[in-house]
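Q:
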């Protein structure tokens, strides 16, 4: 294949004509596909249906310790569910509080609490002139929305192949006391799919923050979400590393079963040091009498233990693999060598990250939409929705079927080509 | 019966001896009963078990509108559940957002949001020198904990037989711009069991707050929690009254099924004006992708409609009635005419409120505890846990069986007598 940038004007004009015709053809097909969010597909949702039979009117509703899950109590979650989510996050049970259905909600509450009450007794952020968060980019739009909502200044940190640019992270965190946090998706990052190397995790644990209330917001959303049995990323346990480095309170870990059982009807958890957990619980006890313990029991009984959950995740992997591969096959076949885009080949998670030529992402997303395929909005993977290069596009292959994914990707590559050609032609004028 | 205060010292001394001996006897029995919280009893929890069979692996998981409850979506709750909770709160469906398992959590979030983001665009409370809430007393300790947690100054307002002292409420709300809210339990109030009269509701609706961000926090926790079929309190719909009075945005209504189905595994909701709901949702959309819709579906399918829920509540009433009556019987029999305490006779709700002689509540609760019966801590029904008269005690009859309740109340009246005698003797010295 000839790289587009090596084509002359005539070649590009001919190509544009050909691509435009093809695009009009596809538009005529009336596609209607949604690749915008990391929504599990129907076949994935079906996987967890048997969990709904685990608890019924004749079930013993008591926990292992004998507590009645139907009544008030167990603010920090029932023991067996704390154990399950602790094993999921590779931490100790005592470091875990199981909450409601949404880990995003725990993250929101964590930032919100810091605004009004500070962190373990520090000055409430609402009383500070400036609070900053580091945001590895591209990243998860809903993280950025939380910090934006609270008026926290966000600073882009390039996400490299083995994690955030740690030179930059260290420079900010160790010198600027206004930097209070960093958003991380350490495994199968949203959207690039990379996992943090041991060195990166250790450098995180060994930060020497200028701010006592600096915390790492470690969103372990995809900790069990491998695509392949023989290529599984592994990351170091950040909590242990932080302890070793004399920073036991520096990290909050978040996880949920939203993409294990049911989005919206899963259980979520936060893991942290004893001191952090105590501070969190001093707020939680004001906020609620307790979370849904019947659903916690449902999860614990269904999976029995972490091995049950891991087996379950293999079924998700089988489904997801086909969708990822459908996308990658089209990208490889159609774009390889054209030098108009690069894309990631994750071993897990929910997304493929695509980098178009500078200044093309918005136009590509718009063109796809015009022909019936909705992608995540260009820019969404950056704070304030602003991708400085207008280059990154998040592809979410989970919801459509593999056939629909292939169809949608066909359209996607066509739009990438067309927009790139137009960009190159524009540059010639 | 002779009123204690008409007894002379000798009579009191003889009485004290007799009561002390009886008390030591009871202590020997090793009672272990908990009347501290409004926890439903086992037989009440059993009532809702069939709900757990409504959703299973072969259920159609789609809402009436066809949305898959297993997946992300429906931030404001599924339509049928919004309808159900709207009918529960006697408001329109469009005014309702269904949330997670805890209405307390919605109240907390509402105050928390006001701290950081203000109310519909007003100055965030965290930036104000002083924020005050009116607290009808005696009231619900968990309301007071929320406002205390956020450093909001709480002002006691006497709760009369038909609602809060509205002269005082009007005086504060209409003149002091620092007054931003009032906690209300308008039906079967916690703990006195009274319901607000139409006049009180109308006076609420016709407030002319000095603060634009003043809101009424209307905790409709016991809106369906009647004890008797032939004596049901009814209250006016505050939302409609506020509209009529030109104050459409002045009230937030909260409710949940925690004491209808399962504490912890129910569904909760907030009802308010469109403008308020829009502001709330602008925050909710940052906080979560959505609440547990499968549980919403479970509730909707189980009850079918509000009539199903009302039928269900009759079964609760049957159980609760026996417990209330067991307490009242002992109180009437043992304390009538002694002039050492007064108590309420609610037509619904979860509590009986007892007012001992001034300065006796703490000692009574301590004495009960010493003999194995745990009551709600004295003072808990007042802001900061400080009952200025040390007089009010909340009795929560729901958790023990009627027999246990009678036993516990026997001890309670004994302690009331003993402490009262000691108080009177003390006054003579």
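Protein chains in written order, with this note's numbering: chain A, 13 to 441; chain B, 13 to 441. Idealized CB from N, CA, C, for every residue including glycine.
Are there 16 or more other CB atoms within 10 angstroms of the CB of residue 354(A), so buried, or fewer, so exposed?
A: Exposed, since its Cβ has fewer than 16 Cβ neighbours within 10 Å.
Q: DSSP three-state call for residue 145(A): helix, strand or coil?
A: Residue 145(A): strand per DSSP, three-state reduction.
Q: Helix, strand or coil: how does DSSP classify residue 318(A) here?
A: In the structure shown, residue 318(A) sits in a helix (DSSP, three-state: H, G or I).
Q: Can you tell me whether residue 354(A) is helix, strand or coil according to DSSP?
A: DSSP places residue 354(A) in strand when its eight states are reduced to three.
Q: Kindly indicate the opening and closing residues of the alpha helix (DSSP H) around residue 434(B).
A: From DSSP, the alpha helix (DSSP H) with residue 434(B) extends over 414 to 440.
Q: Please tell me whether residue 349(B) has its Cβ less than 7 Å away from any Cβ of chain A.
A: Output row for residue 349(B): interface = no.
Q: Kindly examine the ligand FAD and report whether one of its heavy atoms sits closer than 6 Å to the Cβ of residue 216(A).
A: For the structure depicted, the ligand FAD is absent and the ligand set is empty, with no information on it obtainable.
Q: Count the other CB atoms within 10 Å of the CB of residue 161(B); is the residue buried (16 or more) or exposed (fewer)?
A: The residue is buried, with at least 16 neighbouring Cβ atoms inside 10 Å.
Q: What three-state label does DSSP hand residue 267(B) in the structure shown?
A: Residue 267(B) falls in the strand class under three-state DSSP.
Q: When the Cα of residue 406(B) is compared with those of 99(B), 295(B) and 388(B), which residue comes out closest?
A: Residue 406(B) has its Cα closest to that of 388(B), out of 99(B), 295(B) and 388(B).
Q: Might you give, ordered along the chain, the residues of its own chain that have their beta carbon closer than 8 Å to the beta carbon of residue 74(A), omitting 5 neighbours on each side?
A: Same-chain partners within the cutoff: 80 and 81.
Q: Give the DSSP-derived three-state secondary structure of residue 77(B) in the structure shown.
A: Coil at residue 77(B), not helix or strand.
Q: When you compare the CB of residue 215(A) with every CB in chain B, is at least one pair closer than 7 Å?
A: Output row for residue 215(A): interface = no.
Q: Report the residues of the stretch 150 to 179 of chain A with a CB closer than 7 Å to any CB of chain B, ordered along the chain.
A: Listed by position along the chain: 157, 158, 161 and 162.
Q: How many angstroms separate the CA atom of residue 357(B) from the CA atom of residue 344(B)?
A: Computed Cα separation, rounded: 11 Å.
Q: Give me whichever residues DSSP pairs with residue 166(A) in a beta bridge.
A: Note: residue 166(A) sits in a beta bridge opposite 145(A).
Q: Have a look at residue 93(A) and residue 266(B) and give me their C-alpha separation to the nearest angstrom.
A: Each residue's alpha carbon lies about 29 Å from the other.
Q: Give me, in chain order, the residues of the same chain whose beta-carbon lies closer than 6 Å to that of residue 331(A); leave out the 5 immediate sequence neighbours on both sides.
A: Around residue 331(A): 55 and 56.
Q: If the cut is a Cβ gap below 8 Å, which residues of chain B does residue 127(A) touch?
A: What residue 127(A) touches in chain B: 127, 128 and 138.
Q: Quick one: what's got a C-beta closer than 6 Å to residue 429(B)'s C-beta in the same chain, skipping five residues either side?
A: Cβ within range, chain order: 31.
Q: Among 215(B), 145(B), 212(B) and 218(B), which residue has its Cα nearest to the Cα of residue 188(B)?
A: Nearest option by C-alpha distance: 145(B).
Q: Suppose the cutoff is 7 Å on Cβ atoms and the five residues either side in sequence are ignored; what does the same chain contact list for residue 342(B) look like?
A: Correct list, in chain order: 418, 421, 422 and 425.
Q: Could you please tell me which residues of the stretch 36 to 58 of chain B, in chain order, have their CB closer than 8 Å to any CB of chain A?
A: So the list reads 49, 51, 52, 54 and 57, given in the order they occur along the chain.
Q: Would residue 315(B) pass as an interface residue toward chain A - the criterion being a Cβ-Cβ separation below 7 Å?
A: With 7 Å as the cut-off, residue 315(B) does not count as an interface residue toward chain A.
Q: With DSSP as the reference, label residue 94(A) as helix, strand or coil.
A: Looking at residue 94(A) - three-state DSSP - the assignment turns out to be helix.
Q: Short of 9 Å Cβ to Cβ, which residues in the stretch 297 to 330 of chain B face chain A?
A: Within the stretch 297 to 330 of chain B, the qualifying residues are 297, 298, 299, 300, 301, 302, 303, 304, 305, 306 and 307.
Q: Using the Cβ count rule (16 or more neighbours within 10 Å means buried), how would you classify residue 135(B)?
A: By the 10 Å Cβ count, residue 135(B) comes out exposed.
Q: Using a Cβ-Cβ distance under 7 Å, would residue 120(B) count as near chain A?
A: So yes, residue 120(B) belongs to the interface.
Q: Determine whether the beta carbon atoms of residue 21(B) and residue 411(B) lie at a separation below 7 Å.
A: No, the pair does not count as a contact, with Cβ atoms beyond the cut-off.
Q: Of the choices 191(A), 247(A) and 130(A), whose alpha-carbon is the least far from that of residue 214(A)?
A: That would be 247(A), whose Cα lies nearest to the Cα of residue 214(A).
Q: If we define contact as Cβ-Cβ less than 7 Å, is residue 117(A) a contact residue for chain B?
A: True, the Cβ-Cβ gap to chain B drops below 7 Å.
Q: Could you tell me whether any Cβ in chain A is nearer than 7 Å to the Cβ of residue 64(B)?
A: Taking Cβ atoms only, chain A reaches closer than 7 Å to residue 64(B), which makes this a yes.
Q: By how many angstroms is the C-alpha of residue 87(A) removed from the C-alpha of residue 210(A)?
A: Cα-Cα distance, rounded: 34 Å.
Q: Give me the chain B residues within the contact set of residue 72(A), using Cβ-Cβ distance strictly less than 8 Å, ordered along the chain.
A: The premise fails here: residue 72(A) is roughly 12 Å from chain B at the closest Cβ pair, so nothing lies under 8 Å.
Q: Comparing the C-beta of residue 266(B) with each C-beta of chain A, is any distance below 7 Å?
A: Residue 266(B) does not count as touching chain A.
Q: Opposite residue 176(B) in the DSSP bridges: which residues?
A: Beta-bridge pairing links residue 176(B) to 171(B).
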